[in-house]
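Chains as they are written, first to last, in this note's numbering: chain B, 1419 to 1528; chain L, -2 to 109. Working notes, structure below.
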Amino acid sequence: GQSLEQPSEVTAVEGAIVQINCTYQTSGFYGLSWYQQHDGGAPTFLSYNALDGLEETGRFSSFLSRSDSYGYLLLQELQMKDSASYFCAVSHSGNTPLVFGKGTRLSVIA
Amino acid sequence: TAGITQAPTSQILAAGRSMTLRCTQDMRHNAMYWYRQDLGLGLRLIHYSNTAGTTGKGEVPDGYSVSRANTDDFPLTLASAVPSQTSVYFCASSDSANTEAFFGQGTRLTVV
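What follows is the structure in structure tokens.
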């Protein structure tokens, strides 16, 4: 089976940096993804890591350590519009569905 | 580009009635998925299809059925709805590399 753990809520100040952690247990591992979901909206893709290391896309970065079964999403220069839920997801092969964590609700405050 | 289209966007359904949630994609993705989202439980997989003509069960398949007659369409059917099936349902698709999933806008279903 597969399971993912991430914090349920995080609060951070506008302009600051926040890190959302994700640990996973899976029988096989293909990649770790991150999705953003605003209230009332659909999940949208943010990043994907298949190999160890940091992937950077603008203000967002994602990190993976396969040996530690751990990853994180790093959001820099936080903006109010970053207030949303963030989900990590894993797949254990190229043709198996994503399994999602329960999500982390990020609140950005002034 | 439309991407993934779900219909209806919302529905109130009497318990015991049947309903089909529609999902169509125009990206020619092989894989399609149905998830339900409930507060505090994240996205849970109901059924999936890796290619036209094949389907598989996810984490919470009971009470639901799917079909994949062609690449573009992946309908989800509730044969006899129960209140516990009240949820937001998301259809998604991904290409063969499975590195990125695209989601529809969701169907909010209330079973009363």
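For glycine and all other residues, C-beta sits at the position ideal for the given N, C-alpha and C.
Can you tell me where the beta strand (DSSP E) with residue i in it begins and where it stops?
{"i": "Q1455/B", "result": "1449 to 1455"}
{"i": "E1427/B", "result": "1427 to 1431"}
{"i": "M29/L", "result": "28 to 35"}
{"i": "G55/L", "result": "Premise fails: G55/L is in no beta strand (DSSP E) and is neither H nor E."}
{"i": "T104/L", "result": "104 to 108"}
{"i": "A1502/B", "result": "1502 to 1509"}
{"i": "N1467/B", "result": "1462 to 1467"}
{"i": "N1513/B", "result": "Here N1513/B belongs to no beta strand (DSSP E), and DSSP marks it neither H nor E."}
{"i": "M16/L", "result": "16 to 22"}
Given residue i, which residues of its chain have a CB within under 6 Å of its CB, disregarding the five upstream and five downstream residues?
{"i": "V1517/B", "result": "Q1420, V1508"}
{"i": "S1525/B", "result": "T1429, S1501"}
{"i": "Y30/L", "result": "Y45, A89"}
{"i": "N1439/B", "result": "Y1490"}
{"i": "E1473/B", "result": "S1465, N1467, S1480"}
Who does residue i pair with in a DSSP beta bridge?
{"i": "V85/L", "result": "Q34/L, R105/L"}
{"i": "A98/L", "result": "S91/L"}
{"i": "N67/L", "result": "For N67/L, which the question treats as bridged, DSSP gives no partner whatsoever."}
Report the CB separation of residue i from residue j in whole angstroms; it is logged as a contact under 8 Å.
{"i": "G103/L", "j": "A1460/B", "result": "6 Å"}
{"i": "A89/L", "j": "I1/L", "result": "7 Å"}
Could you name the residues of the same chain whose beta carbon sits closer than 7 Å to that of residue i, not counting the 5 residues immediately before and after it, in chain order?
{"i": "H1510/B", "result": "Q1420, T1444, S1445, G1446, F1447, Y1448"}
Contact list for the segment 6 to 32 of chain L against chain B, Cβ threshold 9 Å
N27, A28, Y30, Y32
Of the residues that make up the segment 1494 to 1505 of chain B, which ones have a beta carbon closer than 7 Å to any beta carbon in chain L?
F1505
What residues in the segment 63 to 76 of chain L bring their beta carbon closer than 9 Å to a beta carbon of chain B?
none
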